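The opening position of the sequence shown corresponds to residue 14 in my numbering, with each subsequent residue numbered one higher.
For each residue, glycine too, the CB sits at the ideal point set by N, CA and C.
Every value quoted in this text rests on a predicted model; they were computed, and no experiment measured them.
Following: one structure in structure tokens, then a few remarks.
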Amino acid sequence: FRLDMSYLPYCHKTVMTGAKFEKLFGGPPRKSGTPLTQREMDIAASIQAVAEEVMLRAARNVHRQTGMKNLVLAGGVFLNCVGNGRILREGPFDNIWIQPAAGDAGGALGAALFVWYQLLDNERKVDGRDKQRASLLGPAYSDEQIRRFLDSVNAKYHTFENDEQLFDKVAELINQEKVIGWFQGRMEFGPRALGNRMHKGSTALEKRVNERCYCCAAQQYEQTHKKQYNQYRQEPP
Numbered sequence: 014f015r016l017d018m019s020y021l022p023y024c025h026k027t028v029m030t031g032a033k034f035e036k037l038f039g040g041p042p043r044k045s046g047t048p049l050t051q052r053e054m055d056i057a058a059s060i061q062a063v064a065e066e067v068m069l070r071a072a073r074n075v076h077r078q079t080g081m082k083n084l085v086l087a088g089g090v091f092l093n094c095v096g097n098g099r100i101l102r103e104g105p106f107d108n109i110w111i112q113p114a115a116g117d118a119g120g121a122l123g124a125a126l127f128v129w130y131q132l133l134d135n136e137r138k139v140d141g142r143d144k145q146r147a148s149l150l151g152p153a154y155s156d157e158q159i160r161r162f163l164d165s166v167n168a169k170y171h172t173f174e175n176d177e178q179l180f181d182k183v184a185e186l187i188n189q190e191k192v193i194g195w196f197q198g199r200m201e202f203g204p205r206a207l208g209n210r211m212h213k214g215s216t217a218l219e220k221r222v223n224e225r226c227y228c229c230a231a232q233q234y235e236q237t238h239k240k241q242y243n244q245y246r247q248e249p250p
């Protein structure tokens, strides 16, 4: 297939959609800050439904062609959690892994891998270790660096003597339905919070967060509690 870019002139203009697109969908895009109408909700729901069907059909087609049991996915489309859930539930694969930087940034990794293995014809070696290091590939900051920054802006803060004190305080605040800004260790590579840069909160806040942020709120739990919170059979890598 090929996109008709007369509908999507973003390559040579500063807008995503053009006049032909607006005519097809019954009007111009909603202006930022204006209320959502039924039209926008209908378009969003329709696009989501079509995207899910295309994702599922593509996954099944790959399985028919390869017969493989494991599927690796990358690209911004696979940041669509609902669509991924359908591939997990309804697709033919035993295991699915989605590259955490599954967007434009992840394309840099793909380009490097393509050159190294395809163009330079280097041998592919897989030793079973997590070379991506759980995608925690960004910078980390020491307690002293953080302290100096907080002092420079006259921020109020409290230092805990050990992790147990910190965890107890965080648990207490979450139980009070407070939201915690978590900043620990190396930064994640990718557009989603993976544990080191994130907001922590009670599951009671999930609906409120989804409504305000317009994105999914992920769950964090101990592996021993997986069956209580996770319907999927796949084990984490």
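Return the first residue and the last residue of the beta strand (DSSP E) that residue i is part of.
{"i": "residue 210", "result": "210-213"}
{"i": "residue 196", "result": "193-196"}
{"i": "residue 110", "result": "108-111"}
Pop quiz: residue i and residue j are said to be a contact at Cβ under 8 Å. What is the actual Cβ separation, rounded to whole angstroms?
{"i": "residue 72", "j": "residue 100", "result": "5 Å"}
{"i": "residue 23", "j": "residue 34", "result": "Not quite, the Cβ-Cβ distance comes to about 11 Å (not below 8 Å), so this is no contact."}
{"i": "residue 202", "j": "residue 148", "result": "5 Å"}
{"i": "residue 213", "j": "residue 187", "result": "6 Å"}
{"i": "residue 114", "j": "residue 122", "result": "7 Å"}
{"i": "residue 107", "j": "residue 82", "result": "4 Å"}
{"i": "residue 280", "j": "residue 217", "result": "Here the chain has residues from 14 to 250 only, and residue 280 is not among them."}
{"i": "residue 64", "j": "residue 93", "result": "6 Å"}
{"i": "residue 89", "j": "residue 117", "result": "7 Å"}
Tell me which residue opens and which closes the alpha helix (DSSP H) that residue i is part of.
{"i": "residue 93", "result": "Segment: none, residue 93 is in no alpha helix (DSSP H) and carries neither H nor E."}
{"i": "residue 175", "result": "No alpha helix (DSSP H) contains residue 175, which DSSP labels as neither H nor E."}
{"i": "residue 120", "result": "119-126"}
Near residue i, which residues of its chain fall below 8 Å by C-beta distance, leaving aside the five closest residues on each side in sequence?
{"i": "residue 129", "result": "135"}
{"i": "residue 103", "result": "69"}
{"i": "residue 207", "result": "113, 147, 148, 149, 201"}
{"i": "residue 193", "result": "183, 186, 187, 212, 213, 214"}
{"i": "residue 37", "result": "20"}
{"i": "residue 105", "result": "72, 73, 76"}
{"i": "residue 18", "result": "24"}
What residues in its chain sit with their C-beta under 7 Å from that of residue i, if we drop five residues either side in the sequence?
{"i": "residue 196", "result": "210"}
{"i": "residue 109", "result": "84, 86, 100, 101, 247"}
{"i": "residue 153", "result": "198, 199"}
{"i": "residue 124", "result": "none"}
Hey, is residue i close to the ligand NAP, as in C-beta under 6 Å from one of its heavy atoms?
{"i": "residue 62", "result": "The ligand NAP is not part of the structure shown, which contains no ligands of any sort."}
Can you find the residues in the same chain that come closer than 6 Å, C-beta to C-beta, to residue i, ignoring five residues on each side of it along the sequence?
{"i": "residue 43", "result": "53"}
{"i": "residue 159", "result": "none"}
{"i": "residue 173", "result": "179"}
Secondary structure, alpha helix (DSSP H): runs of 4+ residues fully inside the region 26-85: Listed in chain order, they are 32-37, 51-79.
Counting pairs of Cβ atoms below 8 Å between the region 36-50 and the region 70-88, do you hit three or more? They do not touch, by the three-pair rule.
Would you call the region 53-62 and the region 17-28 in contact, with 3 or more CB pairs under 8 Å? The answer is no - the region 17-28 does not touch the region 53-62, with fewer than three Cβ pairs under 8 Å.
What alpha helix (DSSP H) runs, 4 residues minimum, are completely inside the region 130-184? Complete alpha helix (DSSP H) runs here, min 4: 156-165.
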